[in-house]
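Numbering (the working numbering), first residue to last: 148 to 526. The beta-carbon is built from N, C-alpha and C at its ideal position, and this holds for glycine as well.
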Ligand SMILES: *Cc1c(COP(=O)(O)O)cnc(C)c1O
């Protein structure tokens, strides 16, 4: 692919290229690794910023039938794009007052607390139907889910059983990205004991990191998110294919004399005569201010350090390492791509791939590389 010759040029400062065929490869990789467990897809936060309306139908076409978002409002536009036999779960649970909407939409709430279970059961009783739900138990992360006592009470409730069909019992690992962490085995033990309260109900414990833990962690369904989108699922060499590339447009170059300050606060001072390029992306495009004087862009294999602070709409680069005149206004530099991974950029910003992806926002030309590998398509 040549992402430098994409059209149309909309005059924006950055180009986000999303390789759907790499995403498909990542899904296949996880599905094969965790088989015979089913591989779901977590598409919350607009598929981590990459476009849930593109990602979810593509994965559905590949056979994925289980999807997760955080909020009901994320589910409603997505459901019509999925096959009728697909299931879309609401991770953050059943918000008070949304019961009717959730049932009418056909979304499946993750019941995280007794009041959620009670409200879902009440709606089912009122409608004279049995409604599906996932039940989340807290296996040690202390974030969402029923306590052991609450899970026991729910499992023993004939009223709940009469009106709610628990299609999944789930929990979430706090340390799955650190395979050797003792909390993984402890959570697995706790989850198994809690899930045993719901005999015959399929189990789901593993996120991306969990999918790379031993098969005992995979249960009946795995819930990968970041690994589908090319982020490293655990500390160490990343087995996933890169999905996202990010390039920024050069809008001005200049040469400054020794002692010249650069950017807000003049936090960078040129020690010698220095050539600079200004690129047209900034923190409003999801590039963290923490990259100031730390991160870099790349051009033709040369690292170009960020000089000074990240502005809202622009960043200055020290391009002195390039031959004079090599970089011109209108050229594109790489922020995420073959020379600088998503995880590298995130580390330079003191954050994680998840936060970078979900921050990128809408101020880019977006290009989707077709899953069929048939070429480029502008969104
Ligand atoms: C976000 C989320 C996932 C996906 O996690 P990744 O680390 O991105 O794979 C899975 N399960 C739950 C409950 C989540 O909140």
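Buried versus exposed, by CB contacts within 10 Å (16 or more), residue i
i	result
residue 221	buried
residue 202	buried
residue 387	buried
residue 392	buried
residue 496	buried
residue 276	exposed
residue 471	exposed
residue 273	exposed
residue 465	buried
residue 450	exposed
residue 463	buried
residue 182	exposed
residue 231	exposed
residue 264	buried
residue 487	buried
residue 420	exposed
residue 362	exposed
residue 306	exposed
residue 383	exposed
residue 525	Any reading at residue 525 must be qualified, since the residue scores a pLDDT of 45, below 50, and its modelled position is unreliable; the value itself is stated next. Exposed.
residue 422	buried
residue 378	buried
Residue i - DSSP class collapsed to helix/strand/coil
i	result
residue 312	strand
residue 522	With a pLDDT of only 44 at residue 522, under 50, the local geometry of the prediction cannot be trusted, and no value is derived from it.
residue 256	strand
residue 502	helix
residue 471	coil
residue 339	helix
residue 148	Legend: pLDDT at residue 148 = 41, less than 50; position of this residue unreliable, value from coordinates given subsequently. Coil at residue 148, not helix or strand.
residue 250	helix
residue 527	Only positions 148 to 526 of the chain appear in this structure, which leaves residue 527 out of reach.
residue 515	strand
residue 298	helix
residue 418	coil
residue 268	helix
residue 263	helix
residue 463	strand
residue 304	coil
residue 283	strand
residue 234	strand
residue 443	strand
residue 293	strand
residue 435	coil
residue 351	strand
residue 224	helix
residue 333	helix
residue 229	coil
residue 274	helix
residue 491	helix
residue 320	coil
residue 482	strand
residue 451	strand
residue 241	coil
Rounded distance between the beta-carbons of residue j and residue i, thought under 8 Å
i	j	result
residue 293	residue 351	Contact flag wrong, Cβ pair sits at about 15 Å.
residue 198	residue 432	Between residue 432 and residue 198 the Cβ distance is about 16 Å, and since that is not below 8 Å, they are no contact.
residue 217	residue 239	5 Å
residue 455	residue 414	5 Å
residue 400	residue 482	Incorrect: roughly 17 Å between the Cβ atoms, too far for contact.
residue 374	residue 380	4 Å
Residue j beta carbon less than 8 Å from that of residue i
i	j	result
residue 341	residue 298	yes
residue 285	residue 385	no
residue 270	residue 278	yes
residue 403	residue 424	no
residue 444	residue 480	yes
residue 209	residue 167	no
residue 512	residue 248	no
residue 494	residue 502	no
residue 371	residue 177	yes
residue 288	residue 321	yes
residue 171	residue 368	no
residue 397	residue 476	yes
residue 309	residue 345	no
residue 460	residue 429	yes
residue 504	residue 174	no
residue 225	residue 235	yes
residue 311	residue 281	no
residue 556	residue 438	Because the chain in this structure spans residues 148 to 526, residue 556 falls outside the shown range and cannot be described.
residue 212	residue 233	yes
CB contact check: residue i to chain D, cutoff 8 Å
i	result
residue 257	The question asks about chain D, but that chain is absent: this structure has only one protein chain.
Residue i Cβ short of 7 Å to ligand 3 heavy atom set
i	result
residue 500	Of the ligands one can find in the structure shown, namely ligand 1, none is ligand 3.
>> Could you tell me which whole beta strand (DSSP E) segments of length 3 or greater appear in the stretch 151 to 217?
In response: 161 to 166, 213 to 216
> Which full runs of the beta strand (DSSP E) of 3+ residues lie inside the stretch 354 to 411, going along the chain?
Replying inline: With a minimum length of 3 residues, the continuous beta strand (DSSP E) runs that stay inside the stretch 354 to 411 are 391 to 403.
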